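Taking it in order: structure first as structure tokens, then the write-up.
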Amino acid sequence: MKHRGRHRRRKQGRALRAFLAGTALALTAAATMISASQATVGDNPGALTPLTRAAETGALRLQERLVPQATLDELSSGMGKPVGVSAVLETADRSLREANSCTPTERTALPIAPTATRAYCWDGADTRGWRAGAVTTSGDADDDGWWNDNRVILSGWNEGAADRGLARVAFVDANDLTHLRYASALLVVPVDGGRDYRALTSRLSGMVWYQDKLLVTAADGLYVYDMNRVQRATVDSAAVGRVPDGWSAHGQRFVLPAVGSYRLTGAGSAPHLGGISLDRSTAPDSLVASERTAVDSDRPARLWRYDFSKDPARPGLLATGATGSAQAVEAYETDASGIEGVLSYRAGGADRAGWYVGRAPGSTDRHGSLWRQDTEGAEATRCGSENAPRCWGLKAGPLSYWEATGEVWSQSGRMLFAMPLTSIDRALD
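Using mature numbering (1 follows the signal peptide of the UniProt record, and there is no 0), the letters of the sequence shown correspond one by one to residues -26 to -1, 1 to 403.
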């Protein structure tokens, strides 16, 4: 399903060249922030172990539940006709600052090696009390990187307790990478047959925008949002849902109501979902996921993938069987713990996909680490005189690959940043 304006092809060449024309940022201050503990860190998650037994892969099965169309229609009847992504971008009045305008403290959250080629810090007043989570882009939504006439970055944020607070998504206008602007929408779930909605209370550790759907992590699965069903809030208050004078979204101007969910059905053996990302190097395109485990845990974690549906009547949804369940089509076990971001990609000519995992800092570490694993071993980006592996962000974050530009986008602390996947691979080699 493509979304294009008539004139887009003419502007795409000019805009894409501008998009790729960034110069590497001088972030050398961050390179001096390697903690002494890094020199003693020698952890290595080793090779991936394939999981092939039905008992192992069955724990990863997802059950699809779609919100009834009548419920969505009822909500639209009460709130007004849904709007799209462009309507949110038109209201973008918050700005991100480029790295050279960020404070030294903010910049220390960036990776040490490899260094970011694009980096920005968020509006401090707007994000106070919120924690940055997942990232996805219009590079996931469409293989050419466009959504209608816009390039867009979506950034997930949580307020309050990690697994019980509010969740919102910042829609970043990425048409001009020297001046990023954004506006936000609160993630909600329709209730009472569409006569009201509640806030989504989930940790946004993973997020993928594929075709017209946005998939976000929940404690025991995924929630699904339709990017064509953004609704306008009509009351500016701290409440969430229907209020006497209209509809409120905790101060946000837009809400995005869920249109479905996927629940893990493996009972006690089911993992806690951590990161997710899109892999376009498979056929069909696939959703990859990682298990969330505690930092410094000695328990293995799982990495796995699901196929996306090829049915044109099910854009952006996972491939399911007759009972509505999505099966993992590939799964591994890793000794990596504290995984915050996951990415899988098979480069041209490679006989197998590399799995990139971003690990949170251990209890004695300052920075996280970035490893590439496969069934033969693991490699890490390294830095400093001791060639230690703790070189990734101060807070290891999500990984999202924009295939059209070759860049990996992530967040660490209050920094949004990107770098070419090739530079990561060179650092790993």
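Cβ coordinates follow ideal geometry from the N, Cα and C atoms, glycine included. All of these numbers come straight from a predicted model, not from anything done at the bench.
- When C-alpha distances from Gly295 are compared across Trp183, Ala257, Glu38, Gly220, the shortest belongs to Glu38.
- Rounded to the nearest whole angstrom, the CA to CA distance from Leu368 to Arg125 is 28 Å.
- For Pro164, the enclosing beta strand (DSSP E) begins and ends at 155 to 165.
- The shortest C-alpha to C-alpha distance from Asp348 to any of Tyr375, Met393, Trp221, Tyr319 is the one to Tyr319.
- When secondary structure is reduced to three states using DSSP, Ser299 falls in the strand class.
- The beta carbons of His246 and Arg266 sit closer together than 8 Å.
- The stretch 252 to 271 makes no contact with the stretch 204 to 219: fewer than 3 CB pairs, one atom from each, lie closer than 8 Å.
- In summary, Glu314 is buried, with 16 or more beta-carbon neighbours lying within 10 Å of its beta-carbon over all protein chains present.
- By the beta-carbon neighbour count (other beta carbons within 10 angstroms, threshold 16), Thr191 is buried.
- Taken through DSSP and simplified to helix, strand or coil, Ile86 comes out as coil.
- Assigned with DSSP and collapsed to three states, Gly312 falls in coil, not helix or strand.
- In the three-state reduction of the DSSP assignment, Asn132 falls in the strand class, which pools E and B.
- A residue is called buried when at least 16 other Cβ atoms come within 10 angstroms of its Cβ; Asp186 meets this threshold and is buried.
- Shown here for Trp131: same chain residues with a beta carbon closer than 8 Å to its own, the five before and five after excluded, namely Thr101, Trp104, Arg105, Ala106, Gly107, Ala141, Arg142, Val143, Ala144, Ser158, Leu178 in chain order.
- Beta-bridge analysis with DSSP links Pro24 to Tyr306.
- When DSSP states are grouped into helix, strand and coil, Pro231 belongs to the strand group.
- The residue from Arg273, Ala87, Tyr306, Tyr375 with its alpha-carbon nearest to that of Pro24 is Tyr306.
- Between Tyr184 and Ala115 the beta-carbon gap is near 7 Å, inside 8 Å, which marks them as a contact.
- Nearest Cα to Ile398 within the set Pro88, Arg155, Phe228: Pro88.
- Contact annotation: the stretch 355 to 372 touches the stretch 381 to 400, with at least three C-beta pairs closer than 8 Å.
- Of Tyr171, Ala83, Ser359, Ala362, the smallest CA-CA separation from Met389 is found for Ala83.
- Collapsing the DSSP output to three states places Gly32 in a helix.
- DSSP places Gly195 in the strand class (E or B) of the three-state scheme.
- The closest CA to that of Gly248, considering only Gly336, Asp285, Leu317, is found on Leu317.
- The stretch 53 to 67 and the stretch 193 to 213 touch, with three or more beta-carbon pairs separated by less than 8 Å.
- Looking at the DSSP output, Asp281 sits in a beta bridge with Ser260.
- Given a length threshold of 4 residues, the stretch 330 to 360 has no whole run of the alpha helix (DSSP H) inside it.
- In the three-state DSSP reduction, Asp114 falls in the helix class (H, G or I).
- The Cβ-Cβ distance between Leu373 and Thr355 does not fall below 8 Å.
- Distance from the CA atom of Thr110 to the CA atom of Gln43, rounded to whole angstroms, is 26 Å.
- In the three-state DSSP reduction, Met201 falls in the coil class, being neither helix nor strand.
- Going by DSSP, Asp100 is part of the alpha helix (DSSP H) stretching over 98 to 101.
- Ala352 counts as buried, since at least 16 other C-beta atoms from the protein chains shown sit within 10 angstroms of its C-beta.
- A residue is called buried when at least 16 other Cβ atoms come within 10 angstroms of its Cβ; Pro164 meets this threshold and is buried.
- Here Ser359 is exposed. Its C-beta has fewer than 16 other C-beta atoms within 10 Å.
- Under a 10 Å Cβ-count criterion, His153 is classified as exposed, with fewer than 16 other Cβ atoms of the shown protein chains found around its own Cβ.
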